[in-house]
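A short write-up of the structure that comes next.
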Amino acid sequence: MLPAAVALAIYVVVFFAVLIVRGRSQRAVVKAGGDSVPGLPTGAELAASMLESLGITGVRVVEADVDAYRAVTRELQLARAHARAATPAAWAIAAHEVAHAAQHRAGDKDWARWWVLSGHAVWAGIVLPLALLFAAFSSSPWPWIVAVPCALIVAGSGWLSWRTERTAVAAAKELLETALPSMHAASAEPALRHAARAYVAESVIDTGLIDRVAEPYRDQRYDDAADLEQGASSPDP
1 MLPAAVALAI YVVVFFAVLI VRGRSQRAVV KAGGDSVPGL PTGAELAASM
51 LESLGITGVR VVEADVDAYR AVTRELQLAR AHARAATPAA WAIAAHEVAH
101 AAQHRAGDKD WARWWVLSGH AVWAGIVLPL ALLFAAFSSS PWPWIVAVPC
151 ALIVAGSGWL SWRTERTAVA AAKELLETAL PSMHAASAEP ALRHAARAYV
201 AESVIDTGLI DRVAEPYRDQ RYDDAADLEQ GASSPDP
C-alpha cells in the first residue's frame, strides 16, 4: 500500500509539473509571437506554400480550434489566430505542422511509433492514476498489473514525442529559412522551440479534460487574438 501511495504522489507531482511546463511554454509562444508583418504570408498561406514546395499532395490546410497535423484525415489544422496572422508565432506553428506532415510522408519511424502509441497513451493516462489509487487501498496485485503497462505506455509516448519533436523542430527551422527572409525566419525560432516543449508536455500527461473545461475561454482568446492581429495588419481608413 505504501509503494502505491508513493507512486500516486509521484504521478500527481509529475502531472502538475507538466501542466506548469505546458502553461509556461504556451505563454512563451504568445509572448514570442510578435506583430503581424504586412506583405508576408499568413500561417495558413505559408503552410500551403511549404506543402507545395515539398511536393506533399492531398493534405488540406484548415482552420480549427487547435494546431495539429491529422494523419487520418490528412488535414493540417491551424488555430484561428495562427491561420489568419502573419506573425513569427504563426510561421513557427505552420512550419512545425508541415514538418510533421513531411515525417508522415517519409515514414519516419519515431513519428509512426509515436502516432500509434499516443492513441493508447490517452486512455493509459486516465487509467494509471485510478489504478494507483486502488493499489493504495488494496493488497490485490491487479491494480499493479494494470498500472505498470499504463505507466510504460505513457512514458514511451513521452519519449517518442520528444524524439519526434526534436526532429520536427530542426526540419521546421530549415523550412522557415527557405520560405522567409532570414530576419523573419530567425524571429520565429523562439516560438518554434517553446511550441515543441508544449507539445511534448501534452504527450506525457493527457490534459484533454482540462482543455475541454477551458475550451470556451480558449476560443474567445483565439478570436480576440485574430481580431487584434488582423487590425494590426489592416491599413488605416
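Using the numbering used here, read the sequence shown as starting at 1 and increasing by one per residue. In this text, a Cβ means the ideal position worked out from N, Cα and C, and glycines have one as well. The structure displayed is predicted, hence computed values, not measured ones.
1) Would you mind giving the Cβ-Cβ distance between ALA135 and PRO143, rounded to the nearest angstrom? I have them listed as a contact below 8 Å.
2) Roughly how many angstroms separate the alpha carbons of ALA179 and PRO141, rounded to a whole number?
3) By alpha-carbon positions, which one of ARG70, VAL169, ARG105 and THR42 ends up nearest to THR57?
4) In angstroms, rounded to a whole number, what distance separates the CA positions of ARG166 and VAL6?
5) ALA225: buried (16+ other C-beta within 10 angstroms of its C-beta) or exposed?
6) Return the residue from the list LEU132, ALA170 and GLY125 that minimises the CA-CA distance to HIS100.
7) Terminal residues of the continuous beta strand (DSSP E) containing VAL61?
8) Select from LEU40, LEU8 and ILE10 the residue whose C-alpha is nearest the C-alpha of SER182.
9) So LEU192 and ALA172 are in contact, right, with Cβ under 8 Å, and what is the actual spacing, rounded?
10) Quick check on the burial criterion: 16 or more other C-beta atoms within 10 angstroms. Buried or exposed for GLY125?
11) Quick check on the burial criterion: 16 or more other C-beta atoms within 10 angstroms. Buried or exposed for TRP123?
12) Given that a residue counts as buried once 16 or more other Cβ atoms are within 10 Å of its Cβ, and exposed if not, what is GLU97?
13) Are TRP91 and GLN103 close, meaning C-beta to C-beta below 8 Å?
14) For VAL12, does the count of other Cβ atoms within 10 angstroms reach 16, so buried, or fall short, so exposed?
15) According to DSSP, is ARG74 helix, strand or coil?
16) Which of the three DSSP states is assigned to ALA44 in this structure?
17) Mapping DSSP to helix, strand and coil, what is ASP79?
18) DSSP on ALA68, reduced to helix/strand/coil?
19) For the candidate residues LEU78, GLY158, ASP108 and VAL37, whose alpha-carbon lies nearest to that of GLY119?
20) Cβ of VAL29 within 8 Å of Cβ of ALA188?
21) Could you tell me the alpha carbon to alpha carbon distance between SER53 and LEU46, rounded to whole angstroms?
22) For ALA214, is the classification buried or exposed, using 16 other Cβ atoms within 10 angstroms of its Cβ as the cut-off for buried?
23) Suppose you measure from the CA of ALA4 to the CA of LEU117; what does that come to, to the nearest Å?
24) When you compare only the Cα positions, how much space is there between LEU209 and ARG22?
25) Note down the Cα distance separating VAL72 from SER139, rounded to an integer number of angstroms.
Walking through what the data contain:
1) What you label residue 135 is simply residue 135 of the sequence shown in a count that begins at 1. What you label residue 143 is simply residue 143 of the sequence shown in a count that begins at 1. With a Cβ gap of about 4 Å, ALA135 and PRO143 count as contacting.
2) Along the sequence shown, read from residue 1 onward, the residue named residue 179 stands at position 179. Along the sequence shown, read from residue 1 onward, the residue named residue 141 stands at position 141. Taking the straight line from one Cα to the other gives about 56 Å.
3) One-based indexing of the sequence shown puts residue 57 at position 57. Of ARG70, VAL169, ARG105 and THR42, the residue nearest in Cα terms is ARG105.
4) As a position in the sequence shown, residue 166 is number 166, starting the count at 1. As a position in the sequence shown, residue 6 is number 6, starting the count at 1. Going from the Cα of ARG166 to the Cα of VAL6 covers about 32 Å.
5) Taking the sequence shown and counting its residues from 1, one reaches residue 225 at position 225. Below a pLDDT of 50, predicted positions are generally treated as unreliable, and ALA225, at 40, falls in that range; no measurement from the model is reported.
6) As a first step, residue 100 must be located in the sequence shown, where it is residue number 100. The shortest Cα separation from HIS100 among LEU132, ALA170 and GLY125 belongs to ALA170.
7) The residue you call residue 61 lines up with position 61 of the sequence shown. 60-64 is the span of the beta strand (DSSP E), which, as asked, contains VAL61.
8) Translated into positions along the sequence shown, residue 182 becomes position 182. Looking at the Cα atoms, LEU40 is the closest of the given residues.
9) What you label residue 192 is simply residue 192 of the sequence shown in a count that begins at 1. What you label residue 172 is simply residue 172 of the sequence shown in a count that begins at 1. Yes, LEU192 and ALA172 are in contact; Cβ-Cβ is about 6 Å, under 8 Å.
10) As a first step, residue 125 must be located in the sequence shown, where it is residue number 125. Classification for GLY125: buried.
11) The count along the sequence shown starts at 1 and reaches residue 123 at position 123. Looking at its Cβ environment, which holds fewer than 16 other Cβ atoms inside 10 Å, TRP123 is exposed.
12) Translated into the one-based positions of the sequence shown, residue 97 becomes position 97. It is buried - the Cβ of GLU97 has at least 16 other Cβ atoms within 10 Å.
13) Within the sequence shown, numbered from 1, the residue matching residue 91 stands at position 91. Within the sequence shown, numbered from 1, the residue matching residue 103 stands at position 103. Result no, Cβ atoms of TRP91 and GLN103 do not sit closer than 8 Å.
14) Locating residue 12 in the sequence shown gives position 12, counting from the first residue. So VAL12 ends up on the exposed side.
15) The residue you call residue 74 lines up with position 74 of the sequence shown. It is coil, neither helix nor strand.
16) In the sequence shown, the residue the question calls residue 44 occupies position 44. Helix, per DSSP.
17) Start at 1 with the first residue of the sequence shown, and residue 79 comes out as number 79. Sequence check: residue 79 is Ala here, not Asp. Correct three-state label for ALA79: strand.
18) Counting from 1 along the sequence shown, the entry for residue 68 is found at position 68. Looking at ALA68 - three-state DSSP - the assignment turns out to be strand.
19) Position 119 of the sequence shown holds residue 119. Of LEU78, GLY158, ASP108 and VAL37, the residue nearest in Cα terms is GLY158.
20) What you label residue 29 is simply residue 29 of the sequence shown in a count that begins at 1. What you label residue 188 is simply residue 188 of the sequence shown in a count that begins at 1. Their beta carbons are not under 8 Å apart, which means VAL29 does not touch ALA188 by this criterion.
21) Within the sequence shown, the letter at position 53 stands for residue 53. Within the sequence shown, the letter at position 46 stands for residue 46. Those two C-alpha atoms are separated by around 10 Å.
22) Taking the first residue of the sequence shown as 1, we reach residue 214 at position 214. Caution applies to ALA214, whose pLDDT of 40 falls short of 50 and renders its modelled position unreliable; the model cannot decide the point.
23) As a working note, residue 4 is residue 4 in the sequence shown. As a working note, residue 117 is residue 117 in the sequence shown. The alpha-carbon atoms of ALA4 and LEU117 are separated by roughly 25 Å.
24) Locating residue 209 in the sequence shown gives position 209, where the first residue counts as 1. Locating residue 22 in the sequence shown gives position 22, where the first residue counts as 1. Reliability fails at LEU209, whose pLDDT of 41 lies under 50, so the model's placement of it is uncertain and no value is given.
25) Numbered from its first residue, the sequence shown carries residue 72 at position 72. Numbered from its first residue, the sequence shown carries residue 139 at position 139. If I take the Cα positions, the gap works out to 43 Å.
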